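J.: Handing you a structure now.
In UniProt numbering, the protein residues as written are 1 to 384.
Printed below as a string of structure tokens:
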């Protein structure tokens, strides 16, 4: 499937033509757009896709444009192509400030394969359970070393857990139709005599067979389970704190120590400030009580720490005031720069109009007033 795009075009006008583009004058604006696209050799879109977005600006689009189509090649080559002097002059003559082209790729919807619903078979799970139970019974028969074609009597200790009457008819201790496990003891076991009783209640358990692969695997599983349940050994005290948990605890401890030291420093500075204020008050009282002694006067003037603190505060206040003033000056400078940009843009418009005048004689006085206002606005900028 070919790649498709939605092609969006936005045109921005300047000069007197921009005044014709407003929502209530859409029919006239569409006519202007049609003439300009014809001059630019760009295909004209559908009328319902043209919208007036703002003063002097419109947009339109072509939906579902194939990447190999002629329309796609025309739009990309004539809008994204190299802009030479001839094209710039054409834009200037049509009062087109900017011409944008934006493409949005379209992705096909995902198609999921249709899955036919099949009614579940109720007998399949039951048959699977019967097969599993049959395999368990066959394994039990082979573990008890029962020879082939020999009837099996259920032992007494199994009768309490298995009800013979409720056993399905398809489940028997058959060793003919099931798998057998090869063992080197199978030939010897079939030749050994067995003690059996005619009564199922007097059934004697045979001697313990040699370890088979099933018993060995069971022993290995039990050993693994024991190892899993065994608690991990206690680590050495020196290994604590090396893992991620230990690092987190160390960071937590450092954070608490930092808070504690910061609090102590704040308390010490507060006590020093209080003691300095108390010292100044005592020296002032001593100077009042004994005015003839110059010692207290020199102590008050020389060792007055509160005076130094006040001086530092005054310096900080002046510095903050200077910073605030600097920010205000920066804001004023930015505002002047924006005004200068506006004035320069107006001056460029007037220069362009002087080269190609379109103003009638009745509007000459208004343009002279605009030129005078522009000159007055540019004078403060030049002085700075």
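Note that the Cβ used here is the ideal one computed from N, Cα and C, for glycine as well.
These figures come from a predicted structure and were not determined experimentally.
#1: Quick one: what does DSSP say residue 68 is sitting in, helix, strand or coil?
#2: CB-CB under 6 angstroms to residue 106, same chain, minus the five flanking residues each way: which ones, in chain order?
#3: Please tell me whether residue 96 and residue 7 are closer than 8 angstroms, where the distance is taken between their beta carbons.
#4: Pop quiz: residue 62 and residue 71 are said to be a contact at Cβ under 8 angstroms. What is the actual Cβ separation, rounded to whole angstroms?
#5: Check whether the Cβ atoms of residue 373 and residue 339 lie closer than 8 angstroms to each other.
#6: Quick check on the DSSP output: the beta strand (DSSP E) that includes residue 105 runs from which residue to which?
#7: Identify the residues that DSSP records as bridge partners of residue 52: which are they?
#8: Got a sec, what are the start and stop residues for the alpha helix (DSSP H) residue 87 sits in?
#9: For residue 13, write down the residues that DSSP places opposite it in a beta bridge.
#10: Look up residue 140 in the DSSP assignment and give the residues it is bridged to.
#11: Can you give the Cα-Cα distance for residue 20 and residue 52, rounded to whole angstroms?
#12: Spell out the partners DSSP gives residue 4 in its beta bridges.
#13: Less than 8 angstroms between the CB atoms is what I'm expecting for residue 37 and residue 75, so what's the real figure, rounded?
#14: Of the choices 346, 258, 41, 32, whose alpha-carbon is the least far from that of residue 73?
#15: How would you label residue 44, buried or exposed, when you count the other beta carbons within 10 angstroms and need 16 or more for buried?
#16: For residue 324 and residue 335, what's the separation of their Cα atoms in angstroms?
#17: Counting along the chain, where does the alpha helix (DSSP H) carrying residue 39 start and finish?
#18: Measuring alpha carbon to alpha carbon, tell me which of 34, 332, 350, 68 ends up nearest residue 59.
#19: Report the CB separation of residue 66 from residue 2 in whole angstroms; it is logged as a contact under 8 angstroms.
#20: Please look up how many angstroms separate the CB atoms of residue 30 and residue 49, rounded, as I've assumed it's under 8 angstroms.
#21: Secondary structure at residue 367, three-state DSSP: helix, strand or coil?
#22: Could you give the distance in angstroms between the alpha-carbon of residue 262 and the alpha-carbon of residue 269?
#23: With DSSP collapsed to three states, give me the class of residue 23.
#24: Taking just the CA atoms, how far does residue 15 sit from residue 368?
#25: Going along the chain, which residues of its own chain have a beta-carbon closer than 6 angstroms to the beta-carbon of residue 103, five neighbours each way excluded?
#26: Any idea what DSSP makes of residue 290, helix, strand or coil?
#27: Helix, strand or coil: how does DSSP classify residue 130 here?
#28: Taking the beta carbon of residue 89 as the centre, do at least 16 other beta carbons fall within 10 Å, making it buried, or is it exposed?
#29: Measure the Cβ-Cβ separation of residue 39 and residue 99 and say whether it is below 8 angstroms.
#30: To the nearest angstrom, how far is it from the Cα of residue 257 to the Cα of residue 264?
#31: Using the C-alpha atoms, what's the distance from residue 354 back to residue 365?
#32: Residue 82 by DSSP, collapsed to three states: which one?
T.: Per the coordinate set shown:
#1: coil
#2: 4
#3: no
#4: 6 angstroms
#5: no
#6: 96-106
#7: 58
#8: 85-93
#9: 96
#10: None, per the DSSP bridge assignment.
#11: 10 angstroms
#12: 66, 106
#13: Wrong, their Cβ atoms sit about 11 angstroms apart, outside the cutoff.
#14: 41
#15: exposed
#16: 17 angstroms
#17: 26-40
#18: 34
#19: 5 angstroms
#20: At roughly 11 angstroms, the Cβ-Cβ gap does not stay under 8 angstroms, so residue 30 and residue 49 are not in contact.
#21: helix
#22: 11 angstroms
#23: helix
#24: 17 angstroms
#25: 5, 7
#26: coil
#27: helix
#28: exposed
#29: no
#30: 11 angstroms
#31: 15 angstroms
#32: coil
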